[in-house]
Amino acid sequence: MEEASGAQSVERAMHLLALVAERHHSGATLGELVRASGLKQPTVRRLLVALIRSGIASQDDETKRYHLGITAHLYGTIASDRFAAHTMADESVRRLAEQSEDTAFFCLRQGLHTLCMRREEGLHPIRSHVLNTGQRHPLGVAAHGIAILASLEDREIDAVIAAHSEYYESHYPMLTEPVLRQAIAETRRRGCAINRGIFHTGAWAIAVAVRDHTGRVLGALSIGATEGRLAESRQPEIITMLKSETRKLESRFAAVSMKFSSDSLYASVRPSLAKSEKP
Numbered sequence: 001m002e003e004a005s006g007a008q009s010v011e012r013a014m015h016l017l018a019l020v021a022e023r024h025h026s027g028a029t030l031g032e033l034v035r036a037s038g039l040k041q042p043t044v045r046r047l048l049v050a051l052i053r054s055g056i057a058s059q060d061d062e063t064k065r066y067h068l069g070i071t072a073h074l075y076g077t078i079a080s081d082r083f084a085a086h087t088m089a090d091e092s093v094r095r096l097a098e099q100s101e102d103t104a105f106f107c108l109r110q111g112l113h114t115l116c117m118r119r120e121e122g123l124h125p126i127r128s129h130v131l132n133t134g135q136r137h138p139l140g141v142a143a144h145g146i147a148i149l150a151s152l153e154d155r156e157i158d159a160v161i162a163a164h165s166e167y168y169e170s171h172y173p174m175l176t177e178p179v180l181r182q183a184i185a186e187t188r189r190r191g192c193a194i195n196r197g198i199f200h201t202g203a204w205a206i207a208v209a210v211r212d213h214t215g216r217v218l219g220a221l222s223i224g225a226t227e228g229r230l231a232e233s234r235q236p237e238i239i240t241m242l243k244s245e246t247r248k249l250e251s252r253f254a255a256v257s258m259k260f261s262s263d264s265l266y267a268s269v270r271p272s273l274a275k276s277e278k279p
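Sequential numbering from 1 applies to the sequence shown in the UniProt record's numbering.
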């Protein structure tokens, strides 16, 4: 039933808010949000009005596009001291961009999805523009999504693939289950994920999973560039950079584990795998 209430309405509103966040800088149109959410226009509009009333979202009077609101900023500021461990990735992302001269990223695991938290562009004039800060993807999509997925236990991998199978088929038809499982196997062998233009022709990326002090995967560091920039001859250099920064970042996470418990960080973003969620 389209008009739902209670928990389902909250889930739909939060999904809309995530879509608005992905498009925050340019703003999201009502049509974009309807298409991306899969909901009917009256439902999307009703939920947006509620988000605007709360201040979590806002609408530009001239362009009519939707953005995050002032309340979203205030809530983020209040929460920042608890989740400040993730800002430690900034240094690693900047250093990777400087060393590689390509685009570097830190993406956080968010349940069955990933969220791009940091993006830094290097000096090379040809850059990767397929992933931006705030974008959310299902696990298994992009190099960072493959790296994180490959770091999970087999039963959890099976649950993730089952939960996203329909979405993969409709949005990423090239990402068949055999292709994804082959990528997972390669990632486990090499200790890094290499996306050889699976999702966007010519757009390659290499990623390494980042773990907390208990060994649980939190996210991934990655470098994205054109196919020529990540050719076989240059891959060992890029992989060495990524693994070095991953060790440094994991050491920083471990150093603050008493203050920022990975259990609380992880539990706050990890929904139960027993319930299938769609992006």
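Quick reminder that beta carbons are idealized off the backbone N, C-alpha and C, glycines included.
inquiry  = Using 8 Å as the cut-off, can you tell me whether the segment 162-169 makes contact with the segment 222-238, which would need three or more C-beta pairs spanning the two stretches below that distance?
reply    = At 8 Å Cβ cutoff, the stretches do not touch.
Beta-carbon proximity list for Arg46, same chain, < 6 Å, skipping 5 on both sides = none
ask   = In three-state DSSP terms, what is Gln110?
value = strand
Inter-residue spacing [alpha-carbon to alpha-carbon] between Ala18 and Ile238 = 31 Å
request  = Indicate the three-state DSSP secondary structure (helix, strand or coil) for Ile198 in the structure shown.
outcome  = coil
ask   = Nearest to Arg188 by CA position, among Thr176, Asp154, Ala203, is which residue?
value = Asp154
task = Report yes if the C-beta of Asp90 is less than 6 Å from at least one heavy atom of the ligand FAD; otherwise report no.
result = You won't find the ligand FAD in this model; it holds no ligand whatsoever.
message = Using only the alpha-carbon positions, how far apart do Gln110 and Ala183 sit?
response = 21 Å
query = Do you know whose CA, among Gly145, Arg119, Leu218, lies nearest Thr133's CA?
reply = Residue Arg119 holds the alpha-carbon nearest to the alpha-carbon of Thr133 among Gly145, Arg119, Leu218.
inquiry  = For Leu112 and Ser233, what's the separation of their Cα atoms in angstroms?
reply    = 33 Å
ask   = Quick one, are the C-beta atoms of Gly69 and Ala50 less than 7 Å apart?
value = no
task = Give me the Cβ distance between Tyr172 and Val130, rounded to the nearest whole Å; I'm assuming they're in contact under 8 Å.
result = That belief does not hold up - the Cβ atoms of Tyr172 and Val130 are roughly 13 Å apart, past 8 Å.
7 Å CB neighbourhood of Thr246 in its chain, flanking five on each side removed = Val208, Val210, Leu221
ask   = Between the Cα of Ile206 and the Cα atoms of Gln99, Lys40, Leu39, Phe105, which residue gives the shortest distance?
value = Of the listed residues, the one whose Cα sits closest to Ile206 is Phe105.
task = Would you list the residues sitting across from His137 in a DSSP beta bridge?
result = Thr114
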